[in-house]
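Novice:
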Amino acid sequence: MRPKEFEFLVDAIKSLPSVGSKAAERIAYHLIHQDQQYVDEFIKRITNAKNNIKFCKQCGNFAIDDLCTICSNPERDNSKLCIVNTIDELNKIESTGSFNGIYFVLNDEINVKAKKKIDSEIIKKLMNYCAVKDFKEIIIATNLTVNGEATNIYLNKLLKDILPACVTYKLAIGLPVNSALDYADENTLKFAIKNKTKI
Ligand SMILES: [Zn+2]
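Okay, structure coming up:
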């Protein structure tokens, strides 16, 4: 029988995204075989990150002040919004230089298989944001996966209700179907933004 402390550790690791039972056990065995200094440093880095990293109050990007460098930049076009799943994807779109609007980071998506909806607080924040900003164009840049597509359809319906005059887009094909944006190369992503299609 395994000690309950070990089971608790496995449970905690299993709660991380994309970590299944087997991987969680492997990581738990790995961690408990490390020396004390490694474990202390690991915990310190998590605590430091949690205590010191701030997020933009408007879009959810990393920030130093209340707003990130994109939201506080007067040169950005505030009539255009791009909804992304993660900060990494925001940075990836930024690096293509083909979008001059502002963003919203969802940090969540529908999980079709697990029948999981998007956190209602995130949806509320997005809807408030859209109502205040009155966007003219919104790109819903969710992943081209089953979950990403379901998220796209759901958000599009909500956005049409509160901003009927707004034109919504999805990324163009060019991205491999069944792919996460994070894995797309820069040129493919550039093409997908440039040739975005109306929903
Ligand atoms: Zn921001």
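Just so you know, we're using the working numbering here: the sequence shown kicks off at 3 and counts up by one.
The beta carbon of each residue, even a glycine, is placed where N, CA and C say it ideally should be.
This one's a predicted model, so the numbers in the text were calculated from it and none came from an experiment.
Do Ile29 and Ile45 have their C-beta atoms within less than 7 Å of each other?
Specialist: By one-based count along the sequence shown, residue 29 stands at place 27. By one-based count along the sequence shown, residue 45 stands at place 43. No, Cβ-Cβ distance for Ile29 and Ile45 is not below 7 Å.
Novice: Taking 7 Å as the cut-off, decide whether the C-beta atoms of Ile141 and Cys84 are in contact.
Specialist: Residue numbering aside, residue 141 sits at position 139 when the sequence shown is read from its first letter. Residue numbering aside, residue 84 sits at position 82 when the sequence shown is read from its first letter. Going by C-beta atoms, Ile141 is nearer than 7 Å to Cys84.
Novice: Kindly examine ligand 1 and report whether one of its heavy atoms sits closer than 6 Å to the Cβ of Ile164.
Specialist: Sequence index remark: in the sequence shown, residue 164 carries index 162 (1-based). The answer is no for Ile164.
Novice: Compare the beta carbon distance of Thr153 and Thr144 with 7 Å and say whether it is the shorter of the two.
Specialist: Numbered from its first residue, the sequence shown carries residue 153 at position 151. Numbered from its first residue, the sequence shown carries residue 144 at position 142. Cβ atoms of Thr153 and Thr144: closer than 7 Å.
Novice: Whole angstroms is fine: what's the gap from Ala26's alpha carbon to Gln39's?
Specialist: Position 24 of the sequence shown, counted from the first residue, corresponds to residue 26. Position 37 of the sequence shown, counted from the first residue, corresponds to residue 39. Cα to Cα, the separation comes out at about 21 Å.
Novice: Rank Cys58, Phe8, Gly99, Glu77 by C-alpha distance to the C-alpha of Tyr131 and give the top, closest one.
Specialist: In the sequence shown, the residue the question calls residue 131 occupies position 129. It is Cys58 whose Cα lies nearest to the Cα of Tyr131.
Novice: Is Cys61 near Val107, with beta carbons less than 7 Å apart?
Specialist: Reading the sequence shown from its first residue, position 59 is the one you call residue 61. Reading the sequence shown from its first residue, position 105 is the one you call residue 107. Yes, these two residues count as a Cβ contact at 7 Å.
Novice: Cβ-heavy atom distance between Ile66 and ligand 1 below 6 Å?
Specialist: For this step, residue 66 is matched to residue 64 along the sequence shown. For ligand 1, not one heavy atom lies less than 6 Å from the Cβ of Ile66.
Novice: Under 8 Å Cβ to Cβ from Val41, same chain only, skipping five residues before and after it: list those, please.
Specialist: Sequence index remark: in the sequence shown, residue 41 carries index 39 (1-based). If we look at Val41 and ignore the five residues flanking it on each side, its Cβ neighbours are Leu33.
Novice: Around the Cβ of Leu92, are there at least 16 other Cβ atoms within 10 angstroms (buried) or fewer (exposed)?
Specialist: In the sequence shown, residue 92 corresponds to position 90, counting from 1. Buried: at least 16 other Cβ atoms inside 10 Å.
Novice: Any idea what DSSP makes of Phe101, helix, strand or coil?
Specialist: Along the sequence shown, one-based indexing puts residue 101 at 99. Correct three-state label for Phe101: coil.
Novice: Consult DSSP for Glu139 and reduce its assignment to one of helix, strand or coil.
Specialist: Looking up residue 139 in the sequence shown gives position 137. If DSSP states are grouped into helix, strand and coil, Glu139 belongs with the strands.
Novice: Give the single residue among Asp67, Ile72, Glu77, Ile112 whose Cα lies nearest to the Cα of Ile95.
Specialist: Mapped onto the sequence shown, residue 95 falls at position 93. Ranking Asp67, Ile72, Glu77, Ile112 by Cα distance to Ile95 puts Ile72 first.
Novice: Please classify Leu83: does DSSP put it in a helix, a strand, or coil?
Specialist: Locating residue 83 in the sequence shown gives position 81, counting from the first residue. Reduced to three states, the DSSP call for Leu83 is strand.
Novice: For Ser100 and Lys138, which I take to be in contact (beta-carbon distance under 8 Å), what is that distance rounded to the nearest angstrom?
Specialist: By one-based count along the sequence shown, residue 100 stands at place 98. By one-based count along the sequence shown, residue 138 stands at place 136. Going by Cβ atoms, the distance from Ser100 to Lys138 rounds to 18 Å, so no, they are not a contact pair.
Novice: Gly150: buried (16+ other C-beta within 10 angstroms of its C-beta) or exposed?
Specialist: The residue labelled residue 150 in the question sits at position 148 within the sequence shown. Answer is buried; the Cβ neighbour count reaches 16.
Novice: Under three-state DSSP, which class holds Leu191?
Specialist: Walking along the sequence shown from the start, residue 191 turns up at place 189. Note: Leu191 maps to helix in three-state DSSP.
Novice: Report the option in Pro76, Asn54, Asn75 whose CA atom is closest to the CA atom of Ile66.
Specialist: To locate residue 66, count along the sequence shown from 1; it is residue 64. Selected option, being the one with the closest Cα: Asn54.
Novice: Comparing C-alpha positions only, which one of Arg47, Arg78, Glu111 sits nearest to Ile124?
Specialist: Sequence index remark: in the sequence shown, residue 124 carries index 122 (1-based). Ile124 has its Cα closest to that of Glu111, out of Arg47, Arg78, Glu111.
Novice: Please list the terminal residues of the continuous alpha helix (DSSP H) segment that includes Val169.
Specialist: Against the sequence shown, residue 169 aligns to sequence position 167. That residue, Val169, is in no alpha helix (DSSP H); its beta strand (DSSP E) goes 169 to 172.
Novice: Near Val21, which residues of its chain fall below 8 Å by C-beta distance, leaving aside the five closest residues on each side in sequence?
Specialist: Taking the first residue of the sequence shown as position 1, residue 21 is located at position 19. Cβ neighbours of Val21 beyond the five flanking positions: Ile15, Ile29.
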